[in-house]
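Structure first, commentary second.
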Amino acid sequence: MLSSNEVHHGHISPFAKSRVTLYVHLLPSKLGNVRAGIEEQLCQFLLRYVEELDGVVLGYDQVELLDKSGRILSDNPFVHIQVRLQFILFRPTAGLRLEGRVATMFENTIAVLVYGVLNAMIGGDQIEGFEWRSSRQCWVRSSSSSPCMDAESSEIITIGSLGAFRITSFEKSGGLLLIKGHMLDDDLGLVH
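Following our numbering, the numbering of the sequence shown begins with -17 at its first residue and continues without gaps.
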């Protein structure tokens, strides 16, 4: 039922589509507008890591009701309605190259926002060719003598910089996904 990640231009994409069938549990108060009740339940999946789907839900479409009427089980107050839909997922893999904007940084880490919504962390020991300048709170190319003000902007990593990194691992906890990466290869680092 789960699809594999798609291949685009010879590269594996971190995006996938998955067609699934599941039960949505509606309160009786939602029966006046079943579609709206289903949408409300499905929205709870958005931007969450779902173990059963092995990915972060970015969206969904093609929602079909499979039952003409819902089911009530025992003394459970919910009405259970079976639906089929397609989820759009983010499924990262170790070794995948991503780009993101620097959101915050410290001496031992850079936090990056990928696709404007996903968090990634790059440890200070995982950044090749740059060193931390605490006086200006920035990372500077090691060969530069700049304190972050006088150097060319291409040599400085600051908040808002676009950087390329490679995924080393990720942690999944409580519906959240934290991507960990490095900037140790020649094709990684600042993107101009």
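Every residue, glycine too, gets a C-beta built ideally from N, C-alpha and C. Just so it is clear, the structure is predicted and the values come from calculations on it, not from any experiment.
Less than 9 angstroms between the C-beta atoms of residue i and residue j, yes or no?
i, j, result
"M103", "G163", "yes"
"V94", "R83", "yes"
"F(-3)", "I70", "yes"
"L172", "L144", "yes"
"R66", "R17", "no"
"Y5", "L24", "no"
"R30", "L158", "yes"
"W114", "T140", "no"
"F72", "V38", "yes"
"L80", "I149", "yes"
"Q68", "K12", "no"
"V61", "L9", "yes"
"I92", "L166", "no"
"Q26", "L47", "no"
Could you give the first and the last residue of the continuous beta strand (DSSP E) run that contains residue i?
i, result
"K162", "L158 to M165"
"T86", "R79 to F88"
"E113", "F112 to R115"
"R66", "V61 to F72"
"R53", "Counting along the chain, R53 falls outside any beta strand (DSSP E), and DSSP gives it neither H nor E."
"R175", "Past the edges of the chain, shown from -17 to 174, lies residue 175, and the structure says nothing about it."
"L48", "Premise fails: L48 is in no beta strand (DSSP E) and is neither H nor E."
Can you look up residue i in the DSSP assignment and give me helix, strand or coil?
i, result
"E137", "helix"
"N101", "strand"
"L170", "coil"
"K154", "strand"
"T75", "coil"
"G145", "strand"
"E(-12)", "Residue confidence is low: E(-12) scores 49 on pLDDT, short of 50, so the model does not pin down where it sits. Its coordinate-derived value is still stated next. E(-12) falls in the coil class under three-state DSSP."
4-residue-minimum alpha helix (DSSP H) runs that sit fully inside the stretch -5 to 39, ordered along the chain | 16 to 25
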